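Trainee: Residue numbers (this note's numbering), protein chains in the order written: chain A, 18 to 269; chain B, 18 to 269. Ideal Cβ positions, reconstructed from N, Cα and C, are used throughout, including at glycine. Computed from a prediction, not measured in an experiment: that's the story for all the values here.
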DNA sequence: CGGGCTCTTGATACGCCTCAATGCCCGTGG
DNA sequence: CCACGGGCATTGAGGCGTATCAAGAGCCCG
């Protein structure tokens with residue numbers, strides 16, 4: 018509904034031969050299915066690249082010839098309707114594997130929302146890698162299952178939650194995910210714009226903004242800067258996210 | 018939002034030793050990854066059952082100890098909020114594999130919406146089967162990917178489509194899926210109630226009903242009976258589903 | 001110290017939900 | 001065979017939450 022998608026081009030290309038060894042994302046990603054002594058094999062087919070904000074590297078409807086592993090930064094995945102309405106189906110960060118498609122074409126578009134680094138794998142090369150390392154295929158199945166679970170949760174959000182609950186869910190999820198890779202503070206970062214949050218939650222920019230402002234005036238969050246939120250009452254947020262808002266219905 | 022979920026119990030248990038050979042769903046399901054001569058192995062761990070409408074066989078939050086393959090009939094998969102709001106994340110028919118979970122617990126509830134037949138697999142037995150037949154694991158990954166694509170499409174529907182577009186999408190999808198397993202007529206069956214359609218599309222019963230009535234009065238569909246729809250203009254429906262409704266905006 | 005963003009805030013409109021009544025279908029029993 | 005009852009579906013009237021439209025405020029960067 019917001020933003021019109023930009024030009025699809027790939028740039029840069031740094032890194033050396035066996036870059037996989039020193040890859041930050043390795044332990045988080047499916048690549049950890051491959052032992053340290055086989056990393057050369059992996060590095061041989063992994064093609065590292067660097068992209069800037071706004072660059073599209075997977076485009077809905079285009080032939081699915083490559084697969085990607087995000088090694089740094091965040092991307093958004095989205096689908097669009099012909100009139101420009103847009104639904105972001107997820108944000109993918111470091112360690113995320115993208116482009117798994119049975120079909121001949123991609124089902125969504127992927128675009129960097131900040132400077133990112135990623136590894137590209139061509140379809141046939143990934144295929145041989147999968148054949149040689151069955152553990153990798155198992156890991157892929159695992160991550161696919163986890164994504165399915167997340168997708169179902171998001172359907173519940175989009176189909177049945179109020180704006181208030183959606184925003185609370187979004188903050189709560191960001192909170193719990195950020196806490197898995199760093200010290201647990203109430204502070205979370207939002208690398209995406211309000212428009213992107215809105216397109217992710219099935220709302221408008223204005224509603225997202227109003228809801229955040231309301232949380233702030235209720236003393237539940239603080240907004241120190243444009244892209245940071247401080248959760249002053251995480252437990253309360255979780256309740257709202259789950260539909261347990263005390264200020265909602267519940268006529269007891 | 019509608020309906021309160023019923024009691025969880027499993028009943029019946031027909032069929033003989035090597036039932037897999039004569040299973041209607043075999044060719045459609047992941048079981049087709051196993052050759053005919055190994056079907057005995059499969060049959061040994063597949064536990065067939067019969068369930069009636071309303072019976073729950075997977076319950077959100079419960080330990081994920083079994084996996085299921087639907088061999089006949091239709092089930093609904095849903096998630097619920099504590100106050101009863103419900104989102105159906107999908108309908109699964111013959112050949113559909115269910116319960117794939119990495120987590121210790123199920124992420125959704127599965128309930129028969131008509132009399133069904135299914136096969137149950139215990140987790141450890143499925144595990145050994147997967148180890149012995151890598152092709153089965155590949156098939157599972159394939160189906161998981163397909164479900165992810167469907168889930169993303171549904172997120173677009175729930176987040177950005179109007180009621181009109183949602184109902185049109187629903188009919189169009191049912192149409193194209195039914196045509197893959199039978200003669201291509203404009204007639205589709207709806208084994209689910211209006212309430213279930215509503216919970217699938219993120220709408221209310223009334224809105225679903227009104228929208229169908231409106232399509233009918235516009236001459237685009239016919240409603241010969243409660244659970245049947247005749248598509249009189251499939252192409253038009255597809256356009257509406259894709260957000261190309263001529264009667265909507267588009268101020269040209 | 002403007003220019004162009006994104007974000008916030010306000011006023012109003014509208015689509016869908018809610019509540020309520022009626023209609024239809026079908027199984028049950030007289 | 002028909003009256004009755006209970007589900008489910010349809011239809012109507014009105015309200016609410018979020019979208020839409022429109023300024024204005026804050027921020028970054030040259």
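(1) Going along the chain, which unbroken runs of the beta strand (DSSP E) with 3 or more residues stay wholly within the region 154-225 of chain A?
(2) What does the alpha-carbon distance come out to for the pair residue 161 (chain A) and residue 118 (chain A)?
(3) Count the C-beta pairs between the region 134-141 of chain B and the region 90-106 of chain A that are closer than 8 Å, then say yes if the count reaches three, no if not.
(4) Please determine, among A:105, A:121 and A:163, the residue with the shortest C-alpha to C-alpha distance to residue 46 (chain A).
(5) Identify every residue that forms a DSSP beta bridge with residue 139 (chain A).
(6) Which same chain residues end up closer than 6 Å to residue 97 (chain A) when comparing Cβ atoms and leaving out the 5 residues on each side of it in sequence?
(7) Indicate whether residue 109 (chain A) and residue 115 (chain A) have their beta-carbon atoms separated by less than 8 Å.
(8) Quick one: residues in its chain with C-beta nearer than 8 Å to the C-beta of residue 239 (chain B), no 5 flanking neighbours on either side, listed in chain order?
(9) Checking the sheet assignment: what are the DSSP bridge partners for residue 96 (chain B)?
(10) List the whole-angstrom C-beta distance separating residue 84 (chain A) from residue 138 (chain A), where the pair is believed to meet the contact cut-off of C-beta under 8 Å.
(11) Quick one: Cα of residue 31 (chain B) to Cα of residue 68 (chain B), how far?
(12) For residue 156 (chain B), which residues of its own chain have a beta-carbon under 6 Å away from its beta-carbon, when the five flanking residues on both sides are left out?
(13) Given that a residue counts as buried once 16 or more other Cβ atoms are within 10 Å of its Cβ, and exposed if not, what is residue 63 (chain B)?
(14) Check each residue of the region 162-177 of chain B: if its Cβ is closer than 8 Å to any Cβ of chain A, include it; give the result in chain order.
(15) Given a cut-off of 8 Å on the beta-carbon distance, is the pair residue 101 (chain B) and residue 177 (chain A) in contact?
(16) Kindly indicate which residue of A:65, A:122 and A:171 has the alpha-carbon position closest to the one of residue 41 (chain A).
(17) Leaving out the 5 sequence neighbours to the left and right, which residues in its chain are closer than 6 Å to residue 140 (chain B) when beta-carbon positions are compared?
(18) Determine the DSSP secondary structure at residue 61 (chain B), reduced to helix, strand or coil.
(19) Give the straight-line distance between the Cα atoms of residue 235 (chain A) and residue 173 (chain B), rounded to the nearest whole angstrom.
(20) Once DSSP output is grouped into helix, strand and coil, what is the label at residue 251 (chain A)?
(21) Using a Cβ-based criterion (distance less than 7 Å to any ligand heavy atom), does residue 224 (chain A) qualify as near the ligand PLP?
(22) Per DSSP, what kind of secondary structure is residue 88 (chain A) in: helix, strand or coil?
(23) From residue 168 (chain B) to residue 175 (chain A), what distance separates their C-alpha atoms?
(24) Taking beta-carbon pairs under 9 Å, can you tell me which members of the region 87-110 of chain A lie near chain B?
(25) Give me the Cβ distance between residue 228 (chain A) and residue 184 (chain A), rounded to the nearest whole Å; I'm assuming they're in contact under 8 Å.
(26) Beta-carbon within less than 7 Å of residue 130 (chain B)'s beta-carbon, same chain only, minus the 5 sequence neighbours each way: which residues are those?
(27) Say whether chain A places a C-beta atom closer than 8 Å to the C-beta of residue 151 (chain B).
(28) Ignore the nearest five residues each way along the sequence and tell me which others in residue 106 (chain B)'s own chain have a CB closer than 7 Å to its CB.
(29) For residue 73 (chain A), report the span of its beta strand (DSSP E) as first-last.
(30) Does the Cβ-Cβ distance between residue 87 (chain B) and residue 120 (chain B) come in under 8 Å?
(31) Starting from the Cα of residue 255 (chain B), find the closest Cα among B:243, B:237 and B:43 and give me that residue.
(32) Leaving out five residues on either side along the sequence, give the residues of the same chain with a beta carbon under 8 Å from the beta carbon of residue 195 (chain B).
(33) Measuring alpha carbon to alpha carbon, tell me which residue in A:192, A:59 and A:127 is nearest residue 76 (chain A).
(34) Could you please give the first and the last residue of the uninterrupted beta strand (DSSP E) stretch that includes residue 126 (chain B)?
(35) Could you round the C-beta distance between residue 79 (chain B) and residue 122 (chain B) to whole angstroms and report it? I think they count as a contact, below 8 Å.
(36) Taking just the CA atoms, how far does residue 241 (chain A) sit from residue 39 (chain A)?
Mentor: Once the coordinates are examined:
(1) Complete beta strand (DSSP E) runs here, min 3: 204-206.
(2) In the first chain, the residue the question calls residue 161 (chain A) occupies position 144. In the first chain, the residue the question calls residue 118 (chain A) occupies position 101. Going from the Cα of residue 161 (chain A) to the Cα of residue 118 (chain A) covers about 11 Å.
(3) Result no; under three Cβ-Cβ pairs closer than 8 Å.
(4) By 1-based counting over the first chain, the position of residue 46 (chain A) is 29. Closest by C-alpha distance to residue 46 (chain A), out of A:105, A:121 and A:163, is A:163.
(5) Counting from one through the first chain, the residue named residue 139 (chain A) turns up at place 122. Paired residue(s): A:83.
(6) Counting from 1 along the first chain, the entry for residue 97 (chain A) is found at position 80. For residue 97 (chain A), where only same-chain residues beyond five positions count, the Cβ hits under 6 Å are 103.
(7) Here residue 109 (chain A) refers to the residue found at position 92 of the first chain. Here residue 115 (chain A) refers to the residue found at position 98 of the first chain. Yes; because the gap between Cβ atoms is below 8 Å, this pair is in contact.
(8) Your numbering for residue 239 (chain B) matches position 222 in the second chain. Sequence-distant partners of residue 239 (chain B) (beyond 5 residues in either direction) whose C-beta falls short of 8 Å from its own C-beta, in its chain, are 233, 246, 247 and 249.
(9) Within the second chain, residue 96 (chain B) is the residue found at index 79, counting from 1. Answer by DSSP bridge pairing, in chain order: B:104.
(10) Indexing the first chain from 1 puts residue 84 (chain A) at position 67. Indexing the first chain from 1 puts residue 138 (chain A) at position 121. That belief holds up - the Cβ atoms of residue 84 (chain A) and residue 138 (chain A) are roughly 4 Å apart, short of 8 Å.
(11) For this step, residue 31 (chain B) is matched to residue 14 along the second chain. For this step, residue 68 (chain B) is matched to residue 51 along the second chain. Unreliable positioning characterises residue 31 (chain B) in this predicted model, as indicated by a pLDDT of 45, which lies under 50. The coordinate reading is nonetheless provided below. Roughly 11 Å between the two C-alpha positions.
(12) By one-based count along the second chain, residue 156 (chain B) stands at place 139. Excluding positions up to five away in sequence, the list reads 47 and 50.
(13) Position 46 of the second chain, counting from 1, holds the residue named residue 63 (chain B). A residue is called buried once 16 or more other Cβ atoms fall within 10 Å of its Cβ, and residue 63 (chain B) is buried on that count.
(14) From the region 162-177 of chain B, only 162, 163, 164, 165, 166, 168, 169, 170, 171, 172, 173, 175, 176 and 177 have a Cβ closer than 8 Å to chain A.
(15) Reading the second chain from its first residue, position 84 is the one you call residue 101 (chain B). Reading the first chain from its first residue, position 160 is the one you call residue 177 (chain A). Result no, Cβ atoms of residue 101 (chain B) and residue 177 (chain A) do not sit closer than 8 Å.
(16) Taking the first residue of the first chain as position 1, residue 41 (chain A) is located at position 24. The candidate whose alpha carbon is nearest that of residue 41 (chain A) is A:65.
(17) The sequence position of residue 140 (chain B) within the second chain is 123, counting from 1. Same-chain partners within the cutoff: 82.
(18) Looking up residue 61 (chain B) in the second chain gives position 44. If DSSP states are grouped into helix, strand and coil, residue 61 (chain B) belongs with the helices.
(19) Taking the first residue of the first chain as position 1, residue 235 (chain A) is located at position 218. Taking the first residue of the second chain as position 1, residue 173 (chain B) is located at position 156. If I take the Cα positions, the gap works out to 32 Å.
(20) Here residue 251 (chain A) is taken as the residue at index 234 of the first chain, counted from 1. Residue 251 (chain A): helix per DSSP, three-state reduction.
(21) What this structure holds is no ligand at all, so the ligand PLP is not there to describe.
(22) Taking the first residue of the first chain as 1, we reach residue 88 (chain A) at position 71. Strand at residue 88 (chain A).
(23) Reading the second chain from its first residue, position 151 is the one you call residue 168 (chain B). Reading the first chain from its first residue, position 158 is the one you call residue 175 (chain A). Between residue 168 (chain B) and residue 175 (chain A), the C-alpha separation is close to 12 Å.
(24) Going along the region 87-110 of chain A in chain order, one finds 94, 95, 96, 97, 98, 99, 100, 102, 103, 104, 105, 106 and 107 with a Cβ nearer than 9 Å to chain B.
(25) Taking the first chain and counting its residues from 1, one reaches residue 228 (chain A) at position 211. Taking the first chain and counting its residues from 1, one reaches residue 184 (chain A) at position 167. Rounded, the Cβ-Cβ distance is 4 Å, consistent with contact.
(26) By 1-based counting over the second chain, the position of residue 130 (chain B) is 113. Cβ within range, chain order: 70, 91, 92, 93, 208, 209 and 213.
(27) As a working note, residue 151 (chain B) is residue 134 in the second chain. Chain A, which has a Cβ nearer than 8 Å to the Cβ of residue 151 (chain B), makes this yes.
(28) One-based indexing of the second chain puts residue 106 (chain B) at position 89. If we look at residue 106 (chain B) and ignore the five residues flanking it on each side, its Cβ neighbours are 94, 95, 96 and 125.
(29) As a working note, residue 73 (chain A) is residue 56 in the first chain. It spans 73-75 - the beta strand (DSSP E) in which residue 73 (chain A) sits, taken as one unbroken run.
(30) Along the second chain, read from residue 1 onward, the residue named residue 87 (chain B) stands at position 70. Along the second chain, read from residue 1 onward, the residue named residue 120 (chain B) stands at position 103. In this structure, residue 120 (chain B) does not lie closer than 8 Å to residue 87 (chain B) by Cβ.
(31) Position 238 of the second chain holds residue 255 (chain B). The option with the nearest alpha carbon to residue 255 (chain B) is B:237.
(32) Within the second chain, the letter at position 178 stands for residue 195 (chain B). Cβ contact annotation for residue 195 (chain B) (same chain, cutoff 8 Å, sequence separation greater than five): 205 and 206, in chain order.
(33) Translated into positions along the first chain, residue 76 (chain A) becomes position 59. Residue 76 (chain A) has its Cα closest to that of A:127, out of A:192, A:59 and A:127.
(34) Numbered from 1 along the second chain, position 109 holds the residue referred to as residue 126 (chain B). Looking at the DSSP string, the run of the beta strand (DSSP E) that includes residue 126 (chain B) is 126-129.
(35) Here residue 79 (chain B) is taken as the residue at index 62 of the second chain, counted from 1. Here residue 122 (chain B) is taken as the residue at index 105 of the second chain, counted from 1. Confirmed, Cβ separation roughly 6 Å.
(36) Taking the first chain and counting its residues from 1, one reaches residue 39 (chain A) at position 22. Taking the first chain and counting its residues from 1, one reaches residue 241 (chain A) at position 224. In a straight line, the C-alpha of residue 39 (chain A) is about 34 Å away from that of residue 241 (chain A).
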